[in-house]
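Asker:
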Amino acid sequence: MSFDHTIKFSGRVEDSESRRALLIAFEALRVKGYNPINQISGYLISGDPAYITNHNNARNIIRSLERDELIEELVRAYMRDQG
177 MSFDHTIKFS
187 GRVEDSESRR
197 ALLIAFEALR
207 VKGYNPINQI
217 SGYLISGDPA
227 YITNHNNARN
237 IIRSLERDEL
247 IEELVRAYMR
257 DQG
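Counting the sequence shown from 1 gives a position; this note's numbering is that position plus 176.
1. Note down the Cα distance separating ARG206 from ASP180, rounded to an integer number of angstroms.
2. Taking buried to mean at least 16 other C-beta atoms within 10 Å of its own C-beta, is GLN215 buried or exposed?
3. Buried or exposed for ALA226, going by 16 or more other Cβ atoms inside 10 Å?
4. Mapping the DSSP letters down to three states, classify SER240 as helix, strand or coil.
5. How big is the Cα-Cα spacing for LYS208 and LEU246?
6. Give me the residue from SER192, ALA204, ASP257, GLN258 with the minimum Cα distance to ARG235.
7. Between ARG239 and ILE228, what straight-line distance do the alpha-carbon atoms span, to the nearest angstrom?
8. Need the endpoints of the alpha helix (DSSP H) that PRO225 sits in, please.
The structure is reproduced here in structure tokens:
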């Protein structure tokens, strides 16, 4: 594998689906008393769905998307906030 060239990454999902899944998971975790940032980060790093609560079907909703799609939405939102 050569590291001399840039590989183009193409997103596969509309950001609204990823955004919705992240917001549902965030709110479900908050309601259940978890730290949503820590729990979602744990899920994205490990891939272990046990980091996400089943409350309001949040675990199934977030698992319906690939983790890279969720990370892409997080980067998109962060960059939007940077102006």
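All C-beta atoms in this analysis are idealised placements derived from N, C-alpha and C, irrespective of residue type, glycine included.
Answerer: The answer reads as follows:
1. The straight-line gap from Cα to Cα measures roughly 43 Å.
2. Counting Cβ neighbours within 10 Å, GLN215 comes out buried, since at least 16 surround it.
3. By the neighbour-count rule (16 or more Cβ atoms within 10 Å), ALA226 is not buried but exposed.
4. Three-state DSSP puts SER240 in coil, outside helix and strand.
5. Between LYS208 and LEU246, the C-alpha separation is close to 21 Å.
6. Taking only the C-alpha atoms, the option nearest ARG235 is ALA204.
7. A straight-line Cα-Cα distance of about 9 Å links ARG239 and ILE228.
8. From DSSP, PRO225 is part of no alpha helix (DSSP H); its letter is neither H nor E.
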